[in-house]
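Numbering (my numbering), first residue to last: 538 to 695. Even for Gly, the Cβ is constructed at its ideal location relative to N, Cα and C.
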Amino acid sequence: METRGRMTIDPQGDALIIGGAIDEAAALHEMVTRAQGNRLVLDLGAVTFINSLGVRDWIRMQAAAQKAGLDVELRRVAEPLVHQLNMIIATRGNAAVTSFFAPYACDACGREESLLIDAVANAAGLVKLEPPPMTCPECGAAMAFNDFPERYFSFLSS
Ligand SMILES: [Zn+2]
Numbered sequence: 538m539e540t541r542g543r544m545t546i547d548p549q550g551d552a553l554i555i556g557g558a559i560d561e562a563a564a565l566h567e568m569v570t571r572a573q574g575n576r577l578v579l580d581l582g583a584v585t586f587i588n589s590l591g592v593r594d595w596i597r598m599q600a601a602a603q604k605a606g607l608d609v610e611l612r613r614v615a616e617p618l619v620h621q622l623n624m625i626i627a628t629r630g631n632a633a634v635t636s637f638f639a640p641y642a643c644d645a646c647g648r649e650e651s652l653l654i655d656a657v658a659n660a661a662g663l664v665k666l667e668p669p670p671m672t673c674p675e676c677g678a679a680m681a682f683n684d685f686p687e688r689y690f691s692f693l694s695s
């Protein structure tokens, strides 16, 4: 496991597992040199925070990947990054998001949880802004999507 400032990088299989906070020390644009063949796969499930300088570096990474002709896949995109993808179109680049976390809440027991959505398997519903149904891990009741779908899923319709 490597660290760049408060960010961690852990290469596993075909993916680079990125965790922690993405800031000016992250040097994300250098990830492009780590592509395998024509693909750069980032697993972002453990990212907790990104600041404005981290966002700038993220956009540089996307631009460098496009220039190099790489296919970028983003897996398990954590909620702080989903918010950036929604707010700043330039952060999306040409990347394919194959799965991402989203907020759900259980009305029955009050549990709130960030749950993983498979963006490929649920593509048809997500285009129609329908959150996939989820079951509460605590009590087994149906959970409700805990954000506005038209806002939270907007990065998928770029
Ligand atoms: Zn529950």
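Notebook entry, point to check: Is there contact here, the stretch 670–688 with the stretch 637–656, by at least three beta-carbon pairs under 8 Å?
Noted result: Output reads yes: the stretch 637–656 touches the stretch 670–688.
Item checked: Cβ-heavy atom distance, Glu698 to ligand 1, below 7 Å -> Past the boundaries of the shown model lies residue 698; the chain is included only from 538 to 695, so the question cannot be answered.
Notebook entry, point to check: Thinking just about the alpha-carbon of each residue, which of Asn575, Met680 and Gly542 is nearest to the one in Gly606?
Noted result: Asn575
Check: Is Gly556 helix, strand or coil when you go by DSSP?
Finding: strand
Next item on the list: Report the three-state DSSP secondary structure of Phe690 (helix, strand or coil).
Entry: coil
Check: Helix, strand or coil: which one does DSSP assign to Glu567?
Finding: The answer is helix: DSSP assigns Glu567 an H, G or I state.
Next item on the list: Taking Phe692 and Val619 to be in contact with their CB atoms under 8 Å, please state how far apart those CB atoms are, rounded to whole angstroms.
Entry: 7 Å
Next item on the list: Report yes or no: do three or more beta-carbon pairs, one from the stretch 658–670 and one from the stretch 621–629, lie closer than 8 Å?
Entry: no
Next item on the list: Look at the alpha carbon of Arg541 and the alpha carbon of Ala562, and state the distance between them as a whole number of angstroms.
Entry: 6 Å
Notebook entry, point to check: Apart from the five residues just before and just after Ala627, which ones in its own chain have a Cβ nearer than 8 Å to its Cβ?
Noted result: Ile596 and Gln599
Item checked: N-terminal and C-terminal residue of the alpha helix (DSSP H) that Glu667 is part of -> It is not in any alpha helix (DSSP H) - Glu667 carries neither H nor E in the DSSP assignment.
Next item on the list: Could you tell me if Ser636 is buried or exposed, where buried requires 16 or more neighbouring beta carbons within 10 angstroms of its beta carbon?
Entry: Classification for Ser636: buried.
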